[in-house]
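Read through the structure below, which is laid out as structure tokens, and then see the notes.
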Amino acid sequence: MTDHPDLGPELRALAQAILARVDPVIRFAAARASSADQPGSCQQVWCPVCALAALIQDEKHPLLDIVAEHSVALLNVLRALVDDIDAAGPPPQPPPPPPSSPPPPDEPPPGPGRYQHIPVTVQE
Numbered sequence: 001m002t003d004h005p006d007l008g009p010e011l012r013a014l015a016q017a018i019l020a021r022v023d024p025v026i027r028f029a030a031a032r033a034s035s036a037d038q039p040g041s042c043q044q045v046w047c048p049v050c051a052l053a054a055l056i057q058d059e060k061h062p063l064l065d066i067v068a069e070h071s072v073a074l075l076n077v078l079r080a081l082v083d084d085i086d087a088a089g090p091p092p093q094p095p096p097p098p099p100s101s102p103p104p105p106d107e108p109p110p111g112p113g114r115y116q117h118i119p120v121t122v123q124e
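Going by full-length UniProt numbering, the sequence shown opens with residue 1, and the numbers climb by one from there.
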């Protein structure tokens, strides 16, 4: 496998650019979801159809609140990971392979197994 020393910084720059563009959108959506005035007509917490209908009608829905909160938290975690890459340093070197031992002497394979009759009784 060939080394690409410039791949890490390029990927980090790409991740930072994506986060910079996605972060305002996610925060706006989270603020919008938490500031909706009227509750939705359906309050089934885990119903994605009801959540989508509430989103389209600009209503409040518990699933939208959960998604908004977790999206902002996920963005914060991703941003911390990208920022922490520089502090991590290079990965440790793998341990050297153990010294090679001489191959075992040629031994004949074990003989075939023995047949042993096992009585089976079927009771009805």
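Glycine is no exception: its CB is placed at the ideal position from the N, C-alpha and C atoms. All values derive from a computational prediction rather than experimental measurement.
In the DSSP assignment, find the alpha helix (DSSP H) that holds residue i and state where it starts and stops.
| i | result |
| --- | --- |
| residue 165 | For the chain, the structure presents residues 1 to 124; residue 165 sits outside this window and is missing. |
Please indicate yes or no: does the CB of residue i lie closer than 8 Å to some heavy atom of the ligand ADP?
| i | result |
| --- | --- |
| Q116 | Among the components modelled here there is no ligand, and therefore nothing to report on the ligand ADP. |
Taking DSSP as the reference, what is the three-state secondary structure of residue i?
| i | result |
| --- | --- |
| M1 | Note on M1: pLDDT 49, under 50, position unreliable in the model; the coordinate value appears next. Three-state DSSP puts M1 in coil, outside helix and strand. |
* Asked: At a cut of 8 Å, does the region 24-31 reach the region 59-79 through at least three beta carbon pairs?
  -> Flag = yes, the region 24-31 and the region 59-79 touch.
* With contact counted as at least three CB pairs below 8 Å, one residue from each stretch, are the region 5-23 and the region 76-85 in contact? -> Judged by Cβ distances under 8 Å, the region 5-23 makes contact with the region 76-85, as three or more pairs qualify.
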